[in-house]
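A short write-up of the structure that comes next.
Numbering (our numbering), first residue to last: 6 to 653.
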């Protein structure tokens, strides 16, 4: 049987968890439908998810459709939990994007579709809630093409939309005019089909047209849009048929070498680490040693997702998704296998907000740090900072809802009552030029048994940070090079002004050891000094995050909105005024965004809506510094003095 790793993605409240439940029920994996409102769905298992009616953690369920085993991933729809979505994208073969027939394309819809297209993950749409008042399938299809800039193909026919008597039927592409609509769409991307359409139309049989449609769907050229209601099940049968026949799967090779990808980590009841692994090749058994980037780890237990349940087993086969215990050194993003290497792909921007977390009981400070460390382990984009001297703990965020969820999780799972200070914006630093630095063992004031040379170079905006080697890899043990690479990444979290350094490349230009005295610790302790010297030579400037926004409001409020946006320092990119609505788009400094969101209801009498997302970083006229935590490698003498006083 073939396998298919399928993502269910949507804006919050579009109905993706309900659709997941319906797919499980119709596939026979569960005997009773759960409800988001009742809090008894298969995938929303956390107490917080049931209380709030939203998905916070990605969940995996497995079921079969015909000869296809579907490993289905239900992901969060709220933008504050975009990091959880990020971790699933790398394992998907295809996706279903759920759109509400009432609200249509929304902010998160656009973000998710852009990411799927960038990663070349084919996807189809399911236009949900066509039985709700205000549903308009035709309008949604038009908005998919217009707002998402893609070729959407309506696959359903609706009667009595927006009522309880609504009916969904499959569109008949064997008859006109639907057949002509389909052929016109297909020939845009198939020259052979176009030639036959013009010269030999009799060759365009129904089978050939269907084959061309499936091929273009799998290439991500065309995106079929099915309509229905996850609540009633209307239209879901056509979607299930498309999942089996249109979307690309894989034929797993259980006899090949072990190859997999860790996309999620959580903790069991006893605090043990549990790694969620998708296995693309080979088999894994309990007690096996697995190759991870940080070394080998032994598997102590395996659970697999089967028919909507998580069941214990002794073996994980290719094509399955499993939960494995015993991998203490595992990190989200790790590649498992003989040639494992670090893979940290970021599909979404890092958080742009930060808040200080305060334990209400001072005696809980240490426990709070440990608890937040475990949460950060499950979400690598939650960056923790700890000022030990002042006893301050900071955590990065995507939004205020995420702050509330972290607070509730700390209280429910760890028994810790906390308060948060007002969120502040996280700036970034970029390099001005190229800088090099070299520290040689036994020379100057270098007390470490290590030689390290590094070169720092700027990269284009949005390119991210990279690390390369320009030295002979046989000069030292591999662990020494890995220590330098990991420490460079850690040191770049606080640049010259205390902000993360972005869009730069570091190259190791010199390496040396004093065998047998040298250890990996020597390289970890010396690296921050060399990084700091290279950054100082290159110089950096501070940038503030800028968000793009879209405001929809009544036309009569546009004058007040323009005044408000001008006061907030926003830059308008476009304004569309129609009889019933006005749409304003542009960019604004993220620091001004929250104030604008608070003022919007007053200016629009509660009728305005606003969506926003990170857009880019822009240089600041007068750079603000951030209080540094830990040892400061930019103050070399103080760093060395503190290092000498620190316990071994």
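In this text, a Cβ means the ideal position worked out from N, Cα and C, and glycines have one as well.
Please read all numbers here as calculations on a predicted model, not as lab measurements.
With a cutoff of 7 Å on beta-carbon distance, residue 135 and residue 162 are scored as not near each other.
Residues 217 of the same chain have their beta carbon placed closer than 7 Å to that of residue 195, with the five preceding and five following residues left out of the count. Look at the region 151 to 192 and you find these whole runs of alpha helix (DSSP H), each 4 residues long or longer: 183 to 192.
The three-state secondary structure of residue 446, taken from DSSP, is coil. Within the region 355 to 436, complete alpha helix (DSSP H) segments of at least 4 residues are found at 370 to 383, 405 to 419, given in chain order.
Excluding its 5 nearest sequence neighbours in each direction, residue 164 has C-beta neighbours in its own chain below 6 Å: 172, listed in chain order. In the displayed model, residue 616 falls within a strand according to three-state DSSP.
Under DSSP, residue 552 takes part in a beta bridge, and its partners are 593, 619.
Comparing alpha-carbon positions, the option among 328, 263, 336 lying closest to residue 288 turns out to be 263. Judged by their CB atoms, residue 633 and residue 503 are nearer to each other than the 7 Å cut-off. According to DSSP, residue 73 shares a beta bridge with 7, 70. Residue 222 has its alpha-carbon roughly 11 Å from the corresponding atom of residue 230. A residue is called buried when at least 16 other Cβ atoms come within 10 angstroms of its Cβ; residue 169 does not meet this threshold and is exposed. Bridge pairing for residue 472: 511 [DSSP]. One thing to note: residue 243 has its Cβ no nearer than 7 Å to the Cβ of residue 323. Straight across, the Cα-Cα distance linking residue 98 with residue 75 is about 10 Å.
Ranking 487, 424, 483, 508 by CA distance to the CA of residue 461 puts 508 first. Within the same chain, Cβ atoms closer than 8 Å to the Cβ of residue 302 are found at 294, 295, 331, 332, 333, 334, 335, the five residues on either side in sequence being excluded. In the DSSP assignment, residue 250 falls within the unbroken alpha helix (DSSP H) covering 241 to 250. For residue 541, the enclosing alpha helix (DSSP H) stretches over residues 525 to 543. Around the beta-carbon of residue 621, fewer than 16 other beta-carbon atoms lie within 10 Å, marking it exposed. Residue 249 holds the alpha-carbon nearest to the alpha-carbon of residue 32 among 249, 100, 148, 292. Spatial neighbours of residue 155 in its own chain (CB-CB distance under 6 Å, excluding positions within 5 residues in sequence) are listed in chain order as 228. In summary, residue 474 is exposed, with fewer than 16 beta-carbon neighbours lying within 10 Å of its beta-carbon over all protein chains present. Remark: C-beta atoms of residue 608 and residue 552 do not approach each other more closely than 7 Å. The alpha-carbon separation between residue 378 and residue 389 amounts to approximately 7 Å.
Take the alpha-carbon of residue 286 and the one of residue 305: they are about 20 Å apart. In the DSSP assignment, residue 269 is bridged to 281. Per DSSP, reduced to three states, the secondary structure at residue 465 is coil, with no helix or strand assignment. Taking the CA atoms as reference points, residue 321 sits about 8 Å from residue 284.
Residue environment analysis places residue 143 among the exposed positions, since fewer than 16 neighbouring C-beta atoms fall within 10 angstroms of its C-beta. Its chain contains 106, 107, 134, 166, 167 as the residues whose beta carbon lies nearer than 7 Å to that of residue 140, once the 5 sequence neighbours on both sides are disregarded; these appear in chain order.
The alpha carbon of residue 400 has as its nearest neighbour, out of 220, 359, 523, the alpha carbon of 359.
When the alpha-carbon of residue 489 is set against those of 398, 595, 275, 472, the nearest one is in 472. When C-alpha distances from residue 247 are compared across 129, 26, 528, 515, the shortest belongs to 129.
Per the DSSP secondary-structure output, residue 557 pairs in a beta bridge with 588, 614.
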